[in-house]
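In the working numbering, the protein residues as written are 38 to 320.
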Amino acid sequence: MSKPCVGYFSPVYDGGMHLRALAIALVSYLEIRSAKGKWLIGFSDNDFPLLKKQTEQWLSVLEAYGFDWDNDIFEKTIYPINDDAVVNQWLNQGLAYACHCSEDQLKETQVYSGSCRDALMSTQDATIRLRTPDLIYQFTDRLQGVFKQNISKEIGDFVIRDKHGVIDPDLAMVLAIVRCGATQIIRPVEQLSTVVKQLYMQELLGVVSPTYLHVPTILNNQDNSSSLAALLALSERERVKLLIHLLEQLGQPVSVEQQNLTPKQLLLYASDHWCVELITKGH
Ligand SMILES: [Zn+2]
């Protein structure tokens with residue numbers, strides 16, 4: 038028997054691109070539901086009150102647009118170590134180090150030079166960076182194809198916790214994936230270049246990497262700027278029209294006939310007819 042597929046969607050790191058995030062949620066949800074898998078949503082331990090408020094708004098949006106999920110997002114985490122414990126473990130193992138370079142010093146550099154690598158400086162008020170090996174990491178994105186990068190040359194020793202104690206979103210995501218056992222991750226195409234960071238951290242943690250699928254940009258900027266409140270304020274009919282628009286942009290077979298369905302009925306219809314390959318590849 039094959040392993041059940043588990044999808045994970047975190048609505049909090051959308052950078053204000055709420056409608057685009059809704060489209061990503063749609064792809065993630067329909068991929069999982071069409072395969073009769075579990076769809077989980079959540080946010081990581083290190084989220085701030087503002088993000089928690091946004092998460093609550095997101096839950097209302099997802100509910101209003103017909104989504105349902107298989108977890109209690111406020112449940113205690115089952116993974117025995119938290120984000121800071123992982124950072125401290127890597128510091129103790131010499132895999133991570135303290136960096137005290139100022140923003141001015143880093144301004145001109147695309148890839149961090151590693152100047153604090155062997156300086157053994159105090160971790161107090163320091164940025165913590167992960168040492169990266171001179172290795173090429175490769176994976177096959179389910180929509181974008183093969184992607185590879187030399188992690189030290191193209192990314193460099195990257196920040197896993199900033200000097201204010203904020204955990205890198207990719208580390209937070211890696212740990213969230215481990216906690217919920219997600220087997221597939223769906224994100225916007227702009228995030229394709231951070232997967233290699235995630236692969237390296239998964240390797241250090243000794244966990245199996247999920248599959249990745251990066252969705253091309255399907256909306257223009259004006260569409261993207263809809264606020265969560267505006268998405269919630271739409272009538273049920275308008276919400277269905279918007280979902281149909283998103284499905285059309287994703288290349289899925291929908292027609293005006295589906296306009297009389299409720300959001301929930303529409304998502305059920307869409308999951309029955311879902312074909313991920315129809316999403317046009319592009320950037
Ligand atoms: Zn430094």
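C-beta atoms are modelled at their ideal positions from N, C-alpha and C, and glycine is treated no differently.
Fewer than three beta-carbon pairs drawn from the segment 228 to 245 and the segment 135 to 145 are found closer than 8 Å, and the two stretches are therefore not classed as touching.
Cβ atoms of Gly193 and Tyr149 come within 8 Å of each other, at about 4 Å. The residue among Asp178, His201, Pro247 and Pro206 with its C-alpha nearest the C-alpha of Val226 is Asp178.
For Lys200 and Thr164, the gap between their C-alpha atoms comes out near 4 Å. Note on geometry: alpha-carbon atoms of Lys278 and Asn108 lie some 28 Å from one another. Here Ile69 is not bridged, per DSSP, to any residue. Between ligand 1 and Ser189, a heavy atom-to-CB distance of less than 7 Å is absent. Cβ atoms of Ala213 and Gly79 come within 8 Å of each other, at about 6 Å. With a threshold of 7 Å, the Cβ atom of Ser159 does not count as near ligand 1, since no heavy atom of the ligand is closer than that.
Counting other Cβ atoms within 10 Å of its Cβ, Pro170 stays below 16 and is therefore classed as exposed. In the structure shown, the three-state DSSP call for Asp171 is coil. In the DSSP assignment, Gln221 forms a beta bridge with Gly44 and Thr248. Bounds of the alpha helix (DSSP H) holding Trp127 are Asp120 to Asn129. According to the DSSP assignment, Ile281 belongs to the alpha helix (DSSP H) that extends over Glu273 to Gln286. Put simply, the backbone Cα of Arg276 is about 15 Å away from that of Ala307. Within the DSSP secondary-structure output, Asn108 pairs in no beta bridge.
Per DSSP, Lys75 lies in no alpha helix (DSSP H) segment; the continuous beta strand (DSSP E) that holds it begins and ends at Lys75 to Ile78. A residue is called buried when at least 16 other Cβ atoms come within 10 angstroms of its Cβ; Glu68 meets this threshold and is buried. By a beta-carbon distance limit of 8 Å, Leu269 contacts Val98. Their separation comes to about 6 Å.
Cα atoms of Ser263 and Asp121: separation of roughly 34 Å, rounded to the nearest angstrom.
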